[in-house]
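For the sequence shown, position 234 matches number 275 in my numbering, and the numbering has no gaps at all. Okay, structure first, notes after.
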Amino acid sequence: MEQLNFYHIRVSAQKVYFFTKVLEQLGVDKAQIFAELHDLPNLDSDNQATISGKQLIQIYQNINRLNLPGIGLKIGAEIRAKDYGMYGCTLSSCQTLAESLDFATRYHSLATRTTRLYYDVKANGSSFLGCDDILGQPELKQFNLELQAAIHLALIRDAIGHSDFSPSKVYFEFAEPAHSSLYYKMFDCPIVFEQAVSGFEFDQDKMATELARYNPLALPILLKSCDQLLELVTRDKFLLSIYSWVANNVDQELQSQPLAEHLCMTTRTLRRHLAEHGTSFNKICAEVKCRFAKKYIDDDKLSIDDIASALGFKDSANFRRAFKSWTGLTPSEYRRDCQDQDSQWSKS
Numbered sequence: 042m043e044q045l046n047f048y049h050i051r052v053s054a055q056k057v058y059f060f061t062k063v064l065e066q067l068g069v070d071k072a073q074i075f076a077e078l079h080d081l082p083n084l085d086s087d088n089q090a091t092i093s094g095k096q097l098i099q100i101y102q103n104i105n106r107l108n109l110p111g112i113g114l115k116i117g118a119e120i121r122a123k124d125y126g127m128y129g130c131t132l133s134s135c136q137t138l139a140e141s142l143d144f145a146t147r148y149h150s151l152a153t154r155t156t157r158l159y160y161d162v163k164a165n166g167s168s169f170l171g172c173d174d175i176l177g178q179p180e181l182k183q184f185n186l187e188l189q190a191a192i193h194l195a196l197i198r199d200a201i202g203h204s205d206f207s208p209s210k211v212y213f214e215f216a217e218p219a220h221s222s223l224y225y226k227m228f229d230c231p232i233v234f235e236q237a238v239s240g241f242e243f244d245q246d247k248m249a250t251e252l253a254r255y256n257p258l259a260l261p262i263l264l265k266s267c268d269q270l271l272e273l274v275t276r277d278k279f280l281l282s283i284y285s286w287v288a289n290n291v292d293q294e295l296q297s298q299p300l301a302e303h304l305c306m307t308t309r310t311l312r313r314h315l316a317e318h319g320t321s322f323n324k325i326c327a328e329v330k331c332r333f334a335k336k337y338i339d340d341d342k343l344s345i346d347d348i349a350s351a352l353g354f355k356d357s358a359n360f361r362r363a364f365k366s367w368t369g370l371t372p373s374e375y376r377r378d379c380q381d382q383d384s385q386w387s388k389s
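Below, the structure written as structure tokens:
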């Protein structure tokens, strides 16, 4: 489900801004990074800017096409905890590496995620920080996992305060690349390729390592702020997943049961969650269908019958009634208003 939703979500553009600065230092032209992209925000001036998951994937594809060996390692190695705002600050304020990694996985939604992060303690006492690709783009999987591994190592070393700290062992799902010497130089520990999982293994002693900026006074305050942010992020992502599913199935007779199955929950749970967000399945369906209907009606090449069919209505009469209940106008009246407005614009 995460792979499907990623294409539609909004993510912070600050990560892209950081990538751009690093790549420019490596002699890469910004035009190569943003090739085939339109409507991007001004990354230099807008700290709150966001881009779509689709745009981020395009940027990753552009970087990957540069064919620079180990480019993901080189980008990731430059990142620091301060580049992650409150998430990075809280991560660095924990007492030990174990506490920091536990925080990182539980609050990972506060970062621009292109992977699913998980944390397991093995029977022998060692710990595993796992990383699953969620982009759903096979040609980008190695780049994404390479990049994330370098980012995780850079953040861990920054938090601990030792640039030579290394995991006990590193795992990668892909085959050993031609530039694997760069991996061994960076991670400075045993590395195994073509594994079932990707991630870092740490022995117990390494997990007990204390962080350089441990702050017991600030940590509770930071965690409370992260909880508040996480609640907002979770709310937005839940609703976005609903709107995305409805939009992708707008040509069908929409029912809540398939959506609930898609979200791995019961219809009752779905209704409850939507009610907590102040809306309902029917309201969202009406909103999405109304948006599509207005867009289609504005195109005078489409007949009302065609539009009704495209929006999952059994006949045009039902569509006309629904559209009037949404807008107060019949489809014909709305189209006439659109044409009148276009005519006024052309005369002015």
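Idealized CB from N, CA, C, for every residue including glycine. Treat the numbers as computed from the prediction; the structure is a model and nothing was measured.
Taking a cut-off of 8 Å on C-beta distances, the segment 231-240 touches the segment 212-220, as three or more cross pairs fall below it. A check of alpha carbon separations from His-79 across Asp-70, Ile-92 and Leu-67 identifies Ile-92 as the nearest. About 7 Å separates the CB atoms of Phe-228 and Pro-208; that is less than 8 Å, so the two are in contact. Only exposed fits His-203, as fewer than 16 other CB atoms lie within 10 angstroms of its CB. Cβ-Cβ separation between Ile-192 and Thr-250: approximately 19 Å, too far for a contact (criterion under 8 Å). Three or more beta-carbon pairs drawn from the segment 340-352 and the segment 363-378 are found closer than 8 Å, and the two stretches are therefore classed as touching. Per DSSP, the unbroken alpha helix (DSSP H) holding Cys-267 starts and ends at 259-289. Counting along the chain, no beta strand (DSSP E) covers Cys-331; the unbroken alpha helix (DSSP H) around it starts and ends at 322-338. Ala-145 is the residue among Pro-179, Leu-188, Glu-180 and Ala-145 whose C-alpha sits nearest the C-alpha of Leu-170.
DSSP places Ser-168 in the uninterrupted beta strand (DSSP E) bounded by 168-174.
Taking each of Ile-116, Ile-283, Arg-254 and Asp-246 in turn and checking the Cα distance to Cys-305, the smallest one comes out for Ile-283. For Ser-222, the enclosing alpha helix (DSSP H) has its first and last residue at 221-228. Two segments are said to touch when three or more pairs of C-beta atoms, one from each, lie closer than 8 Å; by this definition the segment 120-137 touches the segment 264-281. For Gly-126, the secondary structure class from DSSP, reduced to helix, strand or coil, is helix. Ile-116: member of the alpha helix (DSSP H) spanning 112-117, first to last residue.
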